[in-house]
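Residue numbers (the numbering used here): 68 to 460. For each residue, glycine too, the CB sits at the ideal point set by N, CA and C. See structure below.
Quick look at the structure:
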């Protein structure tokens, strides 16, 4: 019997079944796209959640400005028990096994965040609107384990990831402190108890209120009148873009004339994500397949109707010289127990976690990433105003 390697997941399958197997990846992606449409939230249909016992004697307006009530939230907030520990260790084992089984026709380098817990949306609780909150929880789980300075300030220093109602209170506190005032107006400064879909701006505002250096990057298609023009960058040139080989060359007339490589379409997003995770990863070796754990926080990954968490990226170098990027994504829609089972058995996990650049069908995407360190003083004041780096292609 002849065996072939799937170009998408590298699984060894019978050659006569290769086409059917490869096509199944696209069928899975169609299901994901349909799911995105189903879970898109209509901002006008706001319903209410059961309220936890957090300072019930005070109105929301008082809660935003009262230090006493902030202290009350710190002590009363509930730990969210809906998660799985050691998730990325299981994923790393699967990726390493994949490397061992890879053929000589391709080499791959995979870079992962060091630690992330998976938080799933729960039926009758937050299915259809809670993905943004779940991604905040995933990002927070990394910061609490990997960054001691973040653990000391996040959520009053309690050392655990709070549930959604508690996170809603923390976001209201952030607004009350002046973080993203313009964005808070979309919710009338009140979000506690609402089934409200949130995005990267709310994620950044919440983390920034603790001094966490959260930043936003926008990627979007140009308008019809911009067709034919080169990609446009609005805002500061981000250091995570690939640059020409002459960038930073001591022999260059000036280091200031250092521009990003112009890449068309969604490949620009993939290049940015690769550069983000591979930044300062000196342990990457060329010419051989490997899995590397980087000191990088996961990325809050948003598009119209849904958001997920990017926990890593894989780069395959093919014999024909082509390079193929694959995002490694944790989706709140997927059941934690199912994901864990697939990872432990090392079977079927690719369809849940791997997403190639060809699956990017939306016209606009946003990322929220976190830089190391804690802001104080004047820097903290600057963080109150949200801005973003914007790439049009």
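Straight-line Cα distance separating residue j from residue i
i	j	result
residue 286	residue 370	10 angstroms
residue 196	residue 262	6 angstroms
residue 172	residue 158	23 angstroms
residue 241	residue 257	11 angstroms
residue 335	residue 143	44 angstroms
residue 94	residue 418	Because residue 94 carries a pLDDT of 47, less than 50, the predicted location of this residue cannot be relied on, and no value is offered for it.
residue 168	residue 161	11 angstroms
residue 272	residue 201	16 angstroms
residue 449	residue 280	11 angstroms
residue 276	residue 391	38 angstroms
residue 139	residue 217	21 angstroms
residue 402	residue 366	20 angstroms
residue 137	residue 146	16 angstroms
residue 359	residue 382	12 angstroms
residue 400	residue 198	7 angstroms
residue 214	residue 441	10 angstroms
residue 416	residue 175	18 angstroms
residue 376	residue 368	5 angstroms
residue 210	residue 228	10 angstroms
residue 247	residue 212	27 angstroms
residue 148	residue 233	13 angstroms
residue 343	residue 380	10 angstroms
residue 414	residue 186	21 angstroms
Exposure of residue i, with buried meaning 16 or more beta-carbon neighbours within 10 Å
i	result
residue 411	exposed
residue 267	buried
residue 239	buried
residue 439	exposed
residue 397	buried
residue 164	exposed
residue 252	exposed
residue 226	exposed
residue 364	buried
residue 430	exposed
residue 421	buried
residue 346	exposed
residue 269	buried
residue 433	buried
residue 235	buried
residue 255	exposed
residue 455	buried
residue 408	exposed
residue 361	buried
residue 444	exposed
DSSP beta-bridge partners of residue i
i	result
residue 282	436
residue 287	431, 459
residue 441	279
residue 423	393
residue 385	173
residue 236	Answer is none; residue 236 lacks a bridge partner.
residue 357	176
residue 151	185
residue 229	146
Chain D within 8 angstroms of residue i, Cβ atoms only
i	result
residue 157	Among the chains of the structure shown, chain D does not appear; only one protein chain is present.
Contact test: residue i Cβ vs the ligand GTP heavy atom, cutoff 7 angstroms
i	result
residue 378	With respect to the ligand GTP, the structure offers nothing, as it holds no ligand at all.
Restricting to runs no shorter than 3 residues, where is the beta strand (DSSP E) found entirely within the segment 170 to 213? 173 to 180
Are three or more beta carbon pairs between the segment 209 to 221 and the segment 190 to 198 nearer than 8 angstroms? no
Could you check whether the segment 175 to 187 touches the segment 148 to 155, counting it as contact only if at least three pairs of C-beta atoms, one from each stretch, sit closer than 8 angstroms? yes
Jot down the residue ranges of each uninterrupted beta strand (DSSP E) in the segment 359 to 383, minimum 3 residues, whole runs only, in chain order. 366 to 370
Validate contact between the segment 384 to 400 and the segment 206 to 218 using beta carbons, cut 8 angstroms, 3 pairs: no
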